[in-house]
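Enquirer: Next up is a structure, given as structure tokens.
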Amino acid sequence: MIDIAVLASGSGTNLAALLEVPEVRERVMIVISDRADAGALVRAREAGINARVVSYRSFPDRRTFSIAVADAVEDSGAKGVVLAGFMRILSPEFIDRFPGRVLNVHPSLLPLFPGARAVEAALEAGVDVTGVTVHFVDEQVDHGPVIEQVEVPVLPGDDAGTLHERIKAVEHRIYPEIVSRFVTGRLWQDGDRVAES
Ligand code: GRF
């Protein structure tokens, strides 16, 4: 069993979906946000989970911020990290502290449209299909061994809001199931590949 920290900057709908799965809920030691106003913090506290803010602006640079987040994860006892809409880039110093034990969900079919504006970028590119990627995180942004990708259609008349809602519905379906396999030791990173039992 792997205890986890969930990192989130936003409304926390992915966190809520994760907490609905009992074997995941039991393993969440802490929720950490870079934003004091993140809805995810409210959801964590309502669920009785330790919630902590590590403000980006309190640190001189990304490296020291990332080390402070890693310290907060470790202080909680968590051994794994689940990114659920965490909008800050973590430096290699962070990833090195949890090798093979950081997961992310991203609202596009990576390597297409990495970064914070993935949904808008897909619309601007005029693609018919975008999607969701769940992956282990390496030292590059929105990069690392892919665990699962699911396509999501872009429909006529979509704006970023409608498309993101359709994408999130898929995230909420697949991420809890994948995180459940990770915390129960049925899914792990083996170098640059994904291993399952
Ligand atoms: C999700 O679409 C996730 O893929 C992206 O940020 C969004 C977070 O949404 N990285 P929420 O805070 O879980 O509602």
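Residue numbering for the sequence shown follows the working numbering, beginning at -5 and increasing consecutively.
Every residue gets a Cβ at the ideal spot worked out from N, C-alpha and C, and that includes glycine.
None of the values given here were measured: they were computed from a predicted structure.
Where are the beta strand (DSSP E) runs, 3 residues long or more, that stay fully inside the segment 102 to 137, in chain order?
Expert: Fully enclosed beta strand (DSSP E) runs of 3 or longer: 123 to 130.
Enquirer: Name the residue from K73, V96 and A72 whose alpha carbon lies nearest to the alpha carbon of I83.
Expert: When the alpha-carbon of I83 is set against those of K73, V96 and A72, the nearest one is in V96.
Enquirer: Closest by CA to S70, which one among A45, M(-5) and E114?
Expert: A45
Enquirer: Within the present structure, is the beta-carbon of F80 separated from the nearest heavy atom of the ligand GRF by less than 8 Å?
Expert: yes
Enquirer: Use the C-beta contact count for V0: other C-beta atoms within 10 angstroms, 16 or more gives buried, fewer gives exposed.
Expert: buried
Enquirer: Take D186 as the anchor and find which of L149, D132 and D122 has the nearest alpha-carbon.
Expert: D132
Enquirer: Using a threshold of 9 Å, state whether the C-beta atoms of A30 and S49 are closer than that.
Expert: yes
Enquirer: Please classify N44: does DSSP put it in a helix, a strand, or coil?
Expert: coil
Enquirer: Taking all protein chains shown into account, decide if G42 is buried (16 or more other Cβ within 10 angstroms of its Cβ) or exposed.
Expert: exposed
Enquirer: Going by DSSP, which residues form a beta bridge with N98?
Expert: L77 and H129
Enquirer: Check each candidate in A154, F92 and E165 and name the one with the smallest Cα separation from I61.
Expert: F92
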